[in-house]
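> Before I ask anything, let me first share the structure, which is written out below as C-alpha cells.
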Amino acid sequence: MNARSPWLWAGLVATCAMTLLATTAHAQQARPAAAAEPAADAKPAPRKGGVPGLTGATFNGLNSDPESPRPFPIAPGGFMPRGPHMAANDCIDAPFITEGTHGFDTTGFSPGGPTTTCAGNTSANGWWVYFPSANGIVTITTCDLASFDTTLAAFSGTCAAPTQVACNDDACALQSRIIFSVAVGTPYLIRISAFSAVTVGAGAINIQLDASGGSACLSAPIINEGGHAFFNTALETDITTCAFNDVATAWFEYQATQSGTATVTTCGLAFFDTVLSAWTGCFGSQIVCNDDACGLQSTIAFPVLAGNSYWIRISGYDGASDFGGFHISVATADCVACPPGATVIENEPECGHEDGPENPGRDTVNGGCNSSPPVFTPIVVGDTVCGTTMVVAGTSRDTDWYSFTIAGGTEVTWTVTAEFPILIGFIDSPCPQGAFIPGGVAVAPACTETSVTLCLLPGTYYAFIACSTFANPISCGGPDNRYLAHLTGVPCGPYVPPNDDCATAEILFGGVTAFGDNTNANTTVVLDGASGCTFAGVPANLDVWYRFTPAQNDVYVIETCGSPLDTVLSVWTSCPGNQLVDMIACNDDFCGLQSQVTLPMNAGQTYFIRVAGWNNSAGPFQLLVLADSSGGALNINAPLTFNTDQTINNNVNLYIPGVLGGSGHILVNATFNWYGGVQTGTGSTSVGSGTTLNMFGDGVMRLSRLMTNLVAGNWTGGCLLLDGGQFVNAPGAVFNISGQVETLSTEAGGELFANHGSMFIAPGADATFGSGFALVNTGTLLIESRVWFDADVTLGGIVELAPGGEIDGPGNVTFTGTFIWSGGAMRGTGTTIISAAAELHLGDGNMTLSRAFENHSAAGSWTGGCLLMANGLFNNNVGASLDIFADPQIDVLDAEGENLFNNHGLITVHTGEFVIGVPGENTGTIIVIPPDTLVFTTSRTYLPGSSLQGPGGVTFAAGVHVFPEGTFSITGPVTIFPGVTLVLPASSMPNYDAGTNTFTGGDWVIGDGSNLTLSGADIRTIGENTSFTIIGEAVFEALANLSRIDGTLRLEDGATLAINPDGANGTLINNGHLRVGPGSLLSIDGSYQQTPIASLHIGIAGTTLQLFGRVHATGPAAFAGSMELTYEHAFAPAQGHSFRLVQSAGTAGAFASIDPPAPPSALLRNPVIVDPLGIRHVVTHIADWNNDLHVGVPDIFEFLAAWFAGEPAATTFGGAPGVGAIFAFLAAWFAA
C-alpha cells in the first residue's frame, strides 16, 4: 500500500483532527508558562524542532538508476498559496475577507500586533479583516493548509486598539484552529504567525461559518465522526442527570459510520463549563451524561452501531452559554492483539510518562527527539512491534521512535494498526528532527491497518508512530491504547507505483499535497495532439492515477506546480478509454513545465486525475487539489477540456493562450469574461441565467464551437474569429457592443453570428462584420454607432438605425423583417435592400444616404425627419409603397456625386409637407391627400406611367418638370414658383375635358417668370371649383382662347393675360370671379360679359398704369353681378385722382352692387362710374356731384336731380335726411 492510503477519511480537512506532523510527544516537561500558552494546554518544550515536519523535506528516493539518489525539494506546504486575498504584512493594510480560503506567505513579513495568550507573538505575521456574512460560530483553521508550525489569533476592535477574542497554537498537529462567535457586519482582525520567532512560510487559512449552531433538537444538523463547532443558545428544561441547570443547549444528530465505542469530548475544545450527554432521540432516553471529565470540560463514551443515529446534547453548567468545539471518535474493542510471535515488546513505563500522567517528563525507552538525550528502540527489517500510547488531553502524548539500518537499497514497509487514530512515517535524520521523507507519512483512524512504503538507500532510518491528536485522553493500560506494527522489506527493483492503473487510483484530499513518482509507471492512455493539450502534440506517457471526490460544488484548482517533472495533467470522469470522451480537462505547461487545471466539480462525484510525463519524462512530483470556496473565478489560460456536461457557478475568465474545449456542454451560471483564447470542440458554451458575458477582447477570441448568450452580454473590444464556430444571442438575451470590435471567419464552414434577442451597437462603438460566415438577426438590433459589412448580409427581426449610427462597407444589406431608420447614416459601396415582405419606417431624425437604397416594401412609412443625400440613390421600386406623415423632407447634404430620389412605386402624402429636394425619375404614383402638400425643389424626370394625383396640393418650387405621359390629377392647390417650368400633357390630366375645352378642379398658382404648359390643352372654360392665379411675368398659353370663367381667374403683381375668346374675337363670359391685381392687365380681343352671379375685383396700389388693375376689351362690356375695388399696398389716394379700370367699345347693364373702399377723408368721395367707355374711378370733392373733378353750378343741378330721384347718396347727404340734405350739400358746395 502506498503512502496515501484509502483510509484517509472525509473529516481530515474539515476537522483537522488528524495530525500530519508529530508535534507533541513524550517529553515530560510541560512548556513553561512564559511561553505564552496557557498551562492547561502546555506541551513539552523540546517538541519544536524535535519532531518530523514537512518543511524543507528532501526525497532521497530512486530514479531509473537504483543507486542514484534524487533530491526532491518540497515547496513550502506543498502548494502555491491560494485565495482571493493574500494576507498583508501590517494590520492597517489588511484586505477585507469573508468566508472561504485565503492565502498567505509570511516571507519578508515582520512581527506585529498585541501579545496573545498563545504563541506566535515574536514571529513574522500576516493580517486580514474578516467580515462575517451572518451571525453564528466561525471556525478559522490552518489544518492541512500550512507548511510550518502556525498560530492563529482573532481580535475585535481596531488595529490601534485590538482585543483578543480567540487564540490557538496547536489544534491539529502543528497547525491551528480558532472557534468563536461572530456578529454579521462586525469586523474581526485575523493574525497568522509562527510558533518560532525565526519561522516563515506559505499556506492558507480556511474560514467556515456555522449560522445554525445546532440549537434545536428537531432541527439538529447531522454529523459523523470528527471535529465540530457549537454554540449552545437554545433554552430548554434541565433534563440531564449529571449537572445543574444546564438549560442552554445545542443538539446534533450523530450518525455512526462504524461500530464500537464512541467517545465524545469537549476537552481542550471548549472554554467554559460544559455538560455532555447522549440520547436515543429528541424525546428519547438518556444514554450517558458527564459534567467534568477534564477540568470543567466533559467526555462521554457509549457503544454505537454503524448506521444508527444518536443525539448529542451539549449544554452549559448552571445556564452557561458560549461557543466551542467537540470531537467524536469510535474505537473497536480489542481490534489490536499482540501476537505470540512479536519480536519487540515496547514495555514503556507509564506508556512513556515515567513521572506519571499528572507530571509528564521522561521517556527513557523510545521518546526519540522528544527525550533528552534522544533515545530510540532499535529494530530490524522483519520485526513485529507491540506497543502502547498515552494521551493527556490537551497536554501531552506519547511518541514512539524505532531506528533501523539497511545495508542495500531496500523497499521498506511500515504497517501499523492501532486502537487509536495514528500518525506514522519514515524519518531519515533524527535530531534535531527533520521532515518525514516525502511519500513516507500516513494517518489513519483507529482499528484501520495502514502502511507507508519507500525504496531507501543504505543507511539508518527511523520508523515513527504516535496518536494523531492529543485532544482526546487515552489512559495507559487501556482501553484503546495499543498498537501493532510490522517492518518489512524487499530489495528495491523496478518499482511500479501502486497507482499505476486507473483502477487502483490513489485517493486525494483537498488541501493535502500528495507526493508521487511516475518512474517505471506504465502508460494507460496516450495523450497526443488530438487532445489539444500537449506541447507540440508530443505524447504524454508514463502515467499514474489519483481519484478525488469533492465534498461540495465548487471550482477546484489541481496542479503540479513546483515539481521537478515536466508533467501533463488531465482530469477524467471515469477510468478512461478515449481521451476525447472521458477526459474533461487537461494542461501541459502552466507554471513552467508543470501543469494546472481549474474546473468546476460536483459534490459526491468521483474524478480521476492522471499525471503523466511529457515525452516519456519520469521522476517525482507533487500534486495538490484546492477548492476556491470563496467563489473565485475559473481562470483558463491553458488548455482545459470538458468531455461531459458541466454547470459552472463560478466566474470564468478565458485568457490567451487558454483553450476551452471538449465535447461537453458547459453552462456558466456566473460571469464569463472572455479576454482572448480559444473555445473549441464539439460541445457548447452557454452563459446562463442571471449572469453576464463580457468579451473584453484583449486578444483574438477564436470560436470553434457553439456559444450562446442566454441573458446579458457586453463586447467592448477585440476580434471574434469564427473558426467553424457559432455565436448566438438567444431569445430574451441582451448583447451590447460598446467598443471597437471585429467578427471575422476562417471560412472553415458553418460559421454563424446570430442575434435572436436584443443587440445594441452602442454610441462610440465600431463594429466590423467580415465575410465567410452567416450573419442572422431574428431579434432586435439597435445601431447607434458604426457597423461595417464586408459581405452581403440578410437581416430579419427588427433593426433600427438610430441617430449616431452608421451602416457602411461594400456588403449589400437586405432587410426582411422591420427596418426602422430614425437617424444616422448609410455609406459605402454596398446597397441597402428592403424586401417586399419587410416593413420600412423612416423618420424623426436626420438620415444621411451615401449609397444605393432599394425599397421594395409594400408597407413603408415616413413619419418625419430629413433624408440628407450625399452621393446617394433612393429607389422606391415597382410594388413598393411609402406613406408620408409629419413633415418629412428630402434634401441634399453634399453637392458631390449624383443624388437621385426615384419613385417607381406608390408614395402617398397623408399629413404635412413632403419636400423632394433632389432630382430623380418618377414612373410611379404620388398621391397627395389634403391638407397636405407635395413640394419639388429641383428638376425631376417624369417617365411614361408617372402619376401625380389626389385632392392635396403640389408645389413646384424649382427646376423643370415635364410630364410627357402619365396622369396628373391633383385637384388641390398647384403652386408653381418663379422660374419653374411645368409641362403637363393635357391628355394625362383627368381634370381637363378636351371635348368641351373645360378645365375643372385644382387651385393653380403660376409664379412670376414661371411657365405652365398644358400641352395639347385649349382651356376655354375655367370650371367651377377651379382657380388659376397668374403672377408677374408667368406664361400660361393654355388660356389664350379663354371664353368662360365659372371658377376663378386671378392676375397678380403685374401679370398680363391676352385672350381671344373662342379664338374668334368672341366674348369672355365671367360667371365666376375675376380679379385683376395692381399693375395687372386682362386684354380681351373681343367683348366682356359679366353674369349676375359673377364678381369683378380690381386692386389699386398707385396712379400709374403699372400700379392698378385694368381690363381692356376691344368690344363692348356688359355688367351685372358685383364689383369690388380695393386700395392695396398702403396706397392712399388724393383728390383729383382718376383711374380707367375697364376700357371697352361700349357698355351695357349695371352692377347689382359696387363695393368701393372707404373715401380717404370726409370731404372726399370716390365713386365707381360706369360710362360708355367702360368703368372709371375718381377721387373728388363731395360737392363734385357730376364727377368732372370740378365744383360748379352744374353740380347743384345734378345733386337736386338725384335728390328728387330719391337716390340715397343725395337724400342722406351730410347725415341730414330730407330737405336738410339739400342745405348740407349747399354748405359743402359754398365751402369748396
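Each number in the working numbering corresponds to the 1-based position in the sequence shown with 47 added.
We put the CB at the ideal spot given by N, CA and C, even for glycine.
1. Alpha carbons only, please: which of Asn697, Phe1251 and Gly524 is nearest the one belonging to Gly737?
2. Return yes when the C-beta of Leu555 is under 7 Å from any heavy atom of the ligand MN, and no when it is not.
3. Name the DSSP bridge partner or partners of Thr755?
4. Please classify Gln599: is it buried, with 16 or more other beta-carbons within 10 angstroms of its beta-carbon, or exposed?
5. Please say whether Ala561 and Leu714 have beta carbons closer to each other than 8 Å?
6. Is the beta carbon of Asn1118 closer than 8 Å to that of Ala1141?
7. Evaluate contact between the stretch 1138-1157 and the stretch 1077-1091, counting only Cβ atoms and requiring at least three cross-stretch pairs below 8 Å.
8. Taking C-beta to C-beta, are Leu1104 and Gly1156 nearer than 8 Å?
9. Taking only the alpha-carbon atoms, compute the straight-line gap between His1237 and Asp1231 and give it to the nearest angstrom.
10. For Val488, which residues from the same chain have a beta carbon less than 6 Å from its beta carbon, with the 5 sequence-adjacent residues on both sides left out?
11. In chain order, what residues of the same chain have a beta carbon less than 6 Å from the beta carbon of Ile1116, not counting five sequence neighbours either side?
12. Quick check on Asn649: buried or exposed, where buried means 16 or more other Cβ atoms within 10 Å of its Cβ?
13. Let me know the secondary structure DSSP gives Gly1183 once reduced to three states.
14. Note down the Cα distance separating Pro120 from Asp636, rounded to an integer number of angstroms.
15. What are the boundary residues of the alpha helix (DSSP H) that Ala1275 is part of?
16. What does the alpha-carbon distance come out to for the pair Ala81 and Gly173?
17. For Ser805, is the classification buried or exposed, using 16 other Cβ atoms within 10 angstroms of its Cβ as the cut-off for buried?
18. Would you kindly check if the distance between the Cβ of Ser1134 and the Cβ of Gly1283 is under 8 Å?
19. Need the endpoints of the alpha helix (DSSP H) that Val1240 sits in, please.
20. Is it buried or exposed for Phe1251, if we count other Cβ within 10 angstroms and need 16 for buried?
21. Which runs of the beta strand (DSSP E) fall wholly inside the stretch 166-191 and span at least 3 residues, in chain order?
22. Measure the C-alpha to C-alpha separation of Ala387 and Tyr530 and round it to an integer number of angstroms.
23. Jot down the residue ranges of each uninterrupted beta strand (DSSP E) in the stretch 625-698, minimum 3 residues, whole runs only, in chain order.
24. Nearest to Thr304 by alpha carbon, out of Val322, Thr288 and Gly273?
25. Quick one: give me the first and last residue of the beta strand (DSSP E) that Pro209 is part of.
26. Could you check which residue in Thr411, Tyr364 and Val427 has the C-alpha nearest to that of Thr390?
27. Can you tell me whether Glu395 is helix, strand or coil according to DSSP?
28. Run through DSSP, which three-state label would Ser111 get?
29. Excluding five sequence neighbours on each side, which residues of the same chain lie with their C-beta closer than 7 Å to the C-beta of Thr607?
30. Using the three-state DSSP reduction, which class does Thr718 fall into: helix, strand or coil?
31. Let's see if you can read the secondary structure: which residues bound the beta strand (DSSP E) around Pro538?
32. What is the DSSP secondary structure of Asp930, counted as helix, strand or coil?
33. Would you say Ser1127 and Glu1171 are within 8 Å of each other, going by their C-beta atoms?
34. Out of Thr210, Gly183 and Ala218, point me to the one whose CA is closest to Thr197's CA.
35. Cutting at 6 Å between CB atoms, please list the residues of its own chain near Gly997, excluding the five before and the five after it.
36. In the DSSP output, what is Trp835 paired with across the bridge?
Inspection of the coordinates gives the following:
1. Asn697
2. Ligands are entirely absent from the displayed structure, and the ligand MN is therefore not among its contents.
3. Ser733 and Val775
4. exposed
5. no
6. yes
7. no
8. no
9. 6 Å
10. Gly472
11. Arg1091 and Gln1136
12. exposed
13. coil
14. Interpretation of Pro120 is limited by its pLDDT of 23, a score under 50 that renders its predicted location unreliable; no figure is taken from the coordinates.
15. Val1266 to Ala1278
16. For Ala81, the pLDDT reaches just 26, beneath the cut-off of 50, and the residue's location in the model is therefore unreliable, although a value from the coordinates is still provided. Cα to Cα, Ala81 sits roughly 23 Å from Gly173.
17. buried
18. Absent from the model: residue 1283. The displayed extent of the chain is 48 to 1279, so no value can be given.
19. Val1240 to Phe1251
20. exposed
21. 173-177 and 183-188
22. The amino acid at residue 387 is misidentified as Ala; the sequence shows Pro. Distance between the alpha carbons of Pro387 and Tyr530: 14 Å.
23. 630-634, 643-648, 654-661, 667-674, 681-683, 686-688 and 693-695
24. Gly273
25. Pro209 to Asn215
26. Val427
27. coil
28. Caution applies to Ser111, whose pLDDT of 24 falls short of 50 and renders its modelled position unreliable; the value that the coordinates give is listed next. Correct three-state label for Ser111: coil.
29. Thr614, Leu616, Gln641, Ser642, Val658, Phe668, Gln669 and Leu670
30. coil
31. Arg529 to Pro538
32. strand
33. no
34. Ala218
35. Ile974, Val975 and Ile976
36. Thr815 and Asp855
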